[in-house]
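Data block below; observations after.
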Amino acid sequence: MNAIPRFVLVAVATALVSAAAFAVTEEWSYGEDLAAVYQILADGAGGCAMYGITTNGQSIVVWLDKKGVAQYTKRFANSMYGLAAASKKEIVYSNASAPPMVFTHVDKKGIETTVTVASYNLVTSILGPAALSQNQADSKGFFALKLPMVSGPIQMARFSYK
Amino acid sequence: MTTYIVRGVALGLVLVALRVSAVSTAWSYQADVATFYQVIADGAGGCGIISIATNGSMCALRLNSKGEEIYRYQLAGTSYGILTIGKKGMVFGEVGVPPYRLIYADAKGQSIIVSSPGHNLFSTLSPIFRCQLYDKKGFFAMELPTGPGQPKLVRYLNK
Numbered sequence: 493m494n495a496i497p498r499f500v501l502v503a504v505a506t507a508l509v510s511a512a513a514f515a516v517t518e519e520w521s522y523g524e525d526l527a528a529v530y531q532i533l534a535d536g537a538g539g540c541a542m543y544g545i546t547t548n549g550q551s552i553v554v555w556l557d558k559k560g561v562a563q564y565t566k567r568f569a570n571s572m573y574g575l576a577a578a579s580k581k582e583i584v585y586s587n588a589s590a591p592p593m594v595f596t597h598v599d600k601k602g603i604e605t606t607v608t609v610a611s612y613n614l615v616t617s618i619l620g621p622a623a624l625s626q627n628q629a630d631s632k633g634f635f636a637l638k639l640p641m642v643s644g645p646i647q648m649a650r651f652s653y654k
Numbered sequence: 146m147t148t149y150i151v152r153g154v155a156l157g158l159v160l161v162a163l164r165v166s167a168v169s170t171a172w173s174y175q176a177d178v179a180t181f182y183q184v185i186a187d188g189a190g191g192c193g194i195i196s197i198a199t200n201g202s203m204c205a206l207r208l209n210s211k212g213e214e215i216y217r218y219q220l221a222g223t224s225y226g227i228l229t230i231g232k233k234g235m236v237f238g239e240v241g242v243p244p245y246r247l248i249y250a251d252a253k254g255q256s257i258i259v260s261s262p263g264h265n266l267f268s269t270l271s272p273i274f275r276c277q278l279y280d281k282k283g284f285f286a287m288e289l290p291t292g293p294g295q296p297k298l299v300r301y302l303n304k
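Sequence lines, in order, name chains A and B.
Be aware that the first sequence starts at 493, since it is given in the numbering used here, and climbs by one per residue.
Be aware that the second sequence starts at 146, since it is given in the numbering used here, and climbs by one per residue.
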């Protein structure tokens, strides 16, 4: 043990930790019939909620867990005003169905609660998709889209900082 | 005695109110920037920037809480903007010869190219260059000269 100076071991260990700390790895990807993804909100627990359009023109809301498994999926024939919030406990989105437009709250068990206000339509922003808030990262990684260079559906991928 | 206490408390409240409602300039940044397209606060007093330089090239920049440039990347082409910025670094897109890729730059200024074979990597398909112009201690704004000249990015503090 004494043959190798301690400072050399410390330097090697530091270099290894430093090298290991600086990397990006794709952890998983999701998407079978996605034509577009307009909004991504990280839930802070490694998963995210996303709003997009499917290849057959439907609006879709998906809540993915940290392994990229869909724990909630909802498809609509009509357009949407996107997601209002996402956390590890819930998501909230606006559905631009026939008036009155409503918000839908979904808990982590997938139970939906409709939020309505009499005589009002609830929307995230009057500008709709042009003003959707985005949150594409958490403390351990980020989300991005993979657009096929030839043809095929879009995938949303999770990348980690390691 | 009671009068003095009441006056002291009143003066303290006035001073606190004055302090809370103030705005001051912390620093400004100009360098070779001709246009600021995107500014995103990093939550620690600094920010990430997508800009056009005076020589026409597009750059990704990062400024620290003192307004010092701690990262610069000249894009090979254009960008759809910064996806995220924070303690871990910042991630932005580069749109050049396909496949389009992401650049991850850590807080020390090291950067990695992120690519995926057969795919272009992209942000969401929403309007790009989304800005985040504030954090808990202040905000960012641009000073545009009314005549010829370069713009500045200015950091304001809420005090």
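We treat Cβ as the ideally placed atom computed from N, Cα and C, and that holds for glycine.
Cut-off 6 Å between Cβ atoms - residues of its own chain near residue i, not counting five sequence neighbours on either side
i, result
"B:Ile257", "Tyr249"
"A:Lys566", "Val553"
"A:Ala528", "Gly544, Ile545"
"B:Thr229", "Val236"
"B:Ala171", "Arg300, Leu302"
"A:Val516", "Phe651"
"A:Ala541", "Leu533, Trp555, Leu575, Ala578, Ile583"
Beta-carbon neighbours of residue i, restricted to chain B and to distances below 7 Å
i, result
"A:Leu639", "His264, Asn265, Phe267"
"A:Tyr530", "Thr269, Leu270, Ser271"
Where residue i meets chain A, residues with beta-carbon distance less than 8 Å
i, result
"B:Val240", "Result: empty, since nearest Cβ-Cβ is about 11 Å, beyond 8 Å."
"B:Ile257", "Phe514, Ala515, Val516"
"B:Ser261", "Glu518, Lys638, Ala649"
Beta strand (DSSP E) segment containing residue i, residue limits
i, result
"B:Asn209", "No beta strand (DSSP E) holds B:Asn209; DSSP gives it neither H nor E."
"A:Asp525", "517 to 534"
"A:Leu619", "Per DSSP, A:Leu619 belongs to no beta strand (DSSP E) and is neither H nor E."
"A:Ile603", "Counting along the chain, A:Ile603 falls outside any beta strand (DSSP E), and DSSP gives it neither H nor E."
"B:Gly238", "234 to 239"
"A:Phe568", "562 to 568"
"B:Lys297", "297 to 302"
"B:Phe181", "178 to 186"
"B:Ser306", "The shown model of chain B, from 146 to 304, leaves out residue 306 of chain B, and the question about it has no answer."
"A:Cys540", "540 to 546"
"B:Thr229", "227 to 231"
"A:Gly633", "633 to 640"
"B:Leu247", "246 to 250"
Proximity of residue i and residue j at Cβ, strictly below 8 Å
i, j, result
"B:Gly274", "B:Gln183", "Correcting the residue type first, residue 274 of chain B is Phe in the shown sequence and not Gly. The answer is yes: Cβ separation under 8 Å."
"B:Ile227", "B:Ile197", "no"
"A:Lys632", "A:Tyr653", "yes"
"B:Tyr225", "B:Phe267", "yes"
"A:Trp437", "A:Gly539", "Within the shown structure, residues of chain A are numbered from 493 to 654, placing residue 437 of chain A beyond reach of any answer."
"B:Gln277", "B:Ile185", "yes"
"A:Gln628", "A:Ala534", "yes"
"B:Gly238", "B:Ala252", "no"
"B:Lys282", "B:Gly190", "yes"
"A:Phe514", "B:Gln255", "yes"
"A:Arg650", "A:Glu519", "yes"
"B:Gly222", "A:Met641", "no"
"A:Tyr564", "B:Leu270", "no"
Nonlocal neighbours in the same chain, by C-beta distance under 8 Å from residue i, ignoring five residues either side
i, result
"A:Ser589", "Phe568, Asn570"
"A:Val509", "A caution first: A:Val509 carries a pLDDT of 48, below 50, which makes its placement in the model too unreliable to give a value."
"A:Met593", "Tyr573, Ser586, Asn587, Asn613, Leu614, Val615"
"A:Lys581", "Asp599, Lys600"
"B:Phe285", "Val184, Ala186, Cys192, Leu278, Tyr279, Leu298, Val299, Arg300, Tyr301"
"B:Leu247", "Leu228, Val236, Phe237, Gly238, Glu239, Ile258, Val259, Ser260, Leu266"
"A:Met493", "Below a pLDDT of 50, predicted positions are generally treated as unreliable, and A:Met493, at 48, falls in that range; no measurement from the model is reported."
"B:Pro290", "Pro296"
Same chain, Cβ closer than 7 Å to residue i, five either side skipped, listed in chain order
i, result
"A:Gly620", "Tyr573"
"B:Gly231", "Asp187, Gly188"
"B:Pro243", "Asn265"
Neighbour list for residue i in chain B, Cβ cutoff strictly below 9 Å
i, result
"A:Ser631", "Gly231, Lys232, Lys233"
"A:Tyr573", "Here the premise fails: no neighbours, minimum Cβ distance about 13 Å."
Contact set between residue i and chain A, taken where Cβ atoms lie within less than 9 Å
i, result
"B:Phe236", "Just to set this straight, residue 236 of chain B is Val in the shown sequence, not Phe. Result: Val516, Gln628, Ala629, Phe634, Ala636, Phe651."
Beta-carbon neighbours of residue i, restricted to chain A and to distances below 7 Å
i, result
"B:Leu247", "Ala636"
"B:Lys275", "Going by the sequence as given, residue 275 of chain B is Arg instead of Lys. Correct list: Gln626."
"B:Pro244", "Met641"
"B:Leu298", "None at all; the shortest Cβ gap to chain A is about 22 Å."
**Message:** Any C-beta of chain B within less than 7 Å: which residues of the region 614 to 628 of chain A qualify?
**Reply:** Against chain B - using a Cβ distance shorter than 7 Å - the residues of the region 614 to 628 of chain A are Pro621, Ala622, Leu624, Gln626, Gln628.
**Message:** Taking beta-carbon pairs under 9 Å, can you tell me which members of the region 195 to 225 of chain B lie near chain A?
**Reply:** none
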